[in-house]
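**Student:** Shown below is the structure under consideration.
Numbering (this note's numbering), first residue to last: -15 to 310.
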C-alpha cells in the first residue's frame, strides 16, 4: 500500500502545477502532507484483478483521490476545522476564497485525469464515458450525503442506525464503490458484471471505513489522530458510536455523555469522563463487529473470482480498515 501511495502522490503532484502558483499549492496542500491513499489502492488492485496494470489505473486513481481531497477542503470550511492530517486546514493556511477555488480545481482536475489521460492509454471512448458518468453520480451522492449529515446535525433528535447507514452510504461509501468501479473499467478484459461486483465490494468497505473513522473520532488516541480526545462528542456529531452509547446507557452515563455533547465549553475532564463511560459500554467492539460484517459482505461479493495476488491485497486492505486505530 505504501508504494502505491508514494507513486500516487508523485503522479498527482506533477499534475497540480500551474499559475497562479498559490492556487495549486493550496490544491496540493493535503496531498503533500501524505496519507494512506486507500481509495487509489483499491482502484489499482481492482484494475489488476482483471488483467490491467498500475499504469492503466493511475488516471482513475488520481481522479478519485482528487475528488476525495476536494471534499475534504470543502468539509473543513463547513466545519470551520483548524487541523487535518496534523497540518493546518487549507482555509486556515490560504484563506477562505482561495480554499474554495482550490477545492474547485481538484474537482475539475478529477475529470481531466480521466478524459485526457485514459484516452492516451488506449481506453475506449465508451468506457471513458461510463467512467465520467459514474464519477458524476458518485460526486452527487457525496454532496447529498454531506447535506444529510448537515441536516441531521441541526435536528433536535438522535437518528437511528438505519438513517446513519443511509447517510454514510452516500457520504463515504459511494467514493469507495466508485474507486473499484473505475479500476475495473480501466482493465481491458472486464465485463459489466465485474463492475457491479467490485462496486458492491467497495461500497461495503466504505461503510466499514466510516464506522471505524467515527469510532476513532470518539475514543481515538489524540497523539495519533492529531485531534483532542472525544472530538466528535464536543462537536456534537451524531455518529454510530455515540448513538449506540446513548441507546444502551443508564441515566447516569447518558447524562455524562449529553453534558458534553455539542458543548464547546466542556472541560477536558468532562470529556474524558464521557469517553470513559462510552468505552465501558463495549461500544468499540460493537462498532468493530458491525464493520466486520460489512467487510464479510464485501468479500462475499467477489467470492466468484479466482484467487490472485491483487484479490488477496484488496481483501487485506479491507481487513486493515477494520482493525486500524488511526
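For glycine and all other residues, C-beta sits at the position ideal for the given N, C-alpha and C.
Every value quoted in this text rests on a predicted model; they were computed, and no experiment measured them.
(1) If you run the structure through DSSP and keep just helix, strand and coil, what is residue 72?
(2) Is it the case that the Cβ atoms of residue 47 and residue 166 are separated by a distance below 8 Å?
(3) Tell me which residues share the same chain as residue 102 and place their Cβ nearer than 6 Å to its Cβ, disregarding the 5 neighbours each side in the sequence.
(4) Spell out the partners DSSP gives residue 67 in its beta bridges.
(5) May I ask you to report which of helix, strand or coil DSSP gives residue 172?
(6) Could you tell me which of 132, 219, 264, 30 sits nearest to residue 293, measuring between CA atoms?
(7) Near residue 268, which residues of its chain fall below 7 Å by C-beta distance, leaving aside the five closest residues on each side in sequence?
(8) Between residue 256 and residue 310, which are expected to be in contact by the criterion C-beta below 8 Å, what is the C-beta distance as a whole number of angstroms?
(9) Go ahead and pull the three-state DSSP assignment for residue 183.
(10) Please report the residue range of the alpha helix (DSSP H) in which residue 215 lies.
(11) Quick check: the segment 286 to 303 against the segment 169 to 188, are there 3 or more CB pairs under 8 Å?
(12) Cutting at 6 Å between CB atoms, please list the residues of its own chain near residue 154, excluding the five before and the five after it.
(13) Kindly indicate which residue of 37, 23, 67 has the alpha-carbon position closest to the one of residue 14.
(14) Looking at the structure shown, is residue 37 part of a helix, part of a strand, or coil, going by DSSP?
(15) Report buried or exposed for residue 49, applying the criterion of at least 16 other Cβ atoms within 10 angstroms of its Cβ.
(16) Would you decide whether residue 194 is buried or exposed? Buried here means 16 or more other CB atoms lie within 10 Å of its CB.
(17) Here's a check: name, in chain order, each residue in its chain whose Cβ is nearer than 8 Å to the Cβ of residue 271, leaving out the five neighbours to either side.
(18) Going by the CB atoms, is the gap between residue 54 and residue 91 shorter than 8 Å?
(19) With distances taken from CA atoms, which of 20, 181, 240, 99 is nearest residue 286?
(20) Going by Cα to Cα distance, which pick from 260, 190, 295, 252 is closest to residue 279?
(21) I'd like the span of the alpha helix (DSSP H) that includes residue 135, first residue to last.
(22) Are there 16 or more other CB atoms within 10 angstroms of the CB of residue 80, so buried, or fewer, so exposed?
(23) Is there contact here, the segment 2 to 19 with the segment 142 to 150, by at least three beta-carbon pairs under 8 Å?
(24) Skipping 5 residues on each side, what residues in its chain have a beta carbon closer than 8 Å to that of residue 62?
(25) Do the CB positions of residue 218 and residue 179 come within less than 8 Å of each other?
(26) Can you tell me which of the three DSSP states residue 253 falls into?
(27) So, at 7 Å on beta carbons, what are the nonlocal neighbours of residue -7 in its own chain, with the 5 sequence-adjacent residues on each side left out?
(28) Quick check on DSSP: helix, strand or coil for residue 235?
(29) Which residue's Cα is closest to the Cα of residue 261: 234, 156, 172?
(30) Closest to residue 308 by C-alpha separation, out of 275, 291, 252, 104, would be which residue?
(31) In three-state terms, what does DSSP make of residue 88?
(32) Answer with buried or exposed for residue 236, where buried requires no fewer than 16 other C-beta atoms within 10 angstroms of its C-beta.
(33) Pop quiz: residue 87 and residue 52 are said to be a contact at Cβ under 8 Å. What is the actual Cβ separation, rounded to whole angstroms?
(34) Let's see if you can read the secondary structure: which residues bound the alpha helix (DSSP H) around residue 11?
**Tutor:** In brief:
(1) strand
(2) yes
(3) 43, 112
(4) 72
(5) coil
(6) Selected option, being the one with the closest Cα: 30.
(7) 199, 203
(8) Not a contact, Cβ separation roughly 19 Å.
(9) Residue state, collapsed to three classes: helix.
(10) 215 to 218
(11) yes
(12) Sequence-distant Cβ neighbours of residue 154 in its own chain, meaning closer than 6 Å and more than five residues away, are 125, 128, 129.
(13) 67
(14) If DSSP states are grouped into helix, strand and coil, residue 37 belongs with coil.
(15) Its Cβ being crowded by 16 or more others within 10 Å, residue 49 is buried.
(16) buried
(17) 195, 196, 198, 199, 224, 225, 228
(18) yes
(19) 181
(20) Of the candidates 260, 190, 295, 252, 190 places its Cα closest to the Cα of residue 279.
(21) Segment 109 to 138, the alpha helix (DSSP H) holding residue 135.
(22) exposed
(23) Result no; under three Cβ-Cβ pairs closer than 8 Å.
(24) 130, 134
(25) no
(26) helix
(27) 15
(28) helix
(29) 234
(30) Nearest option by C-alpha distance: 275.
(31) helix
(32) exposed
(33) The C-beta separation of residue 87 from residue 52 comes to about 11 Å, leaving the pair out of contact by the 8 Å criterion.
(34) Note, residue 11: alpha helix (DSSP H), 5 to 11.
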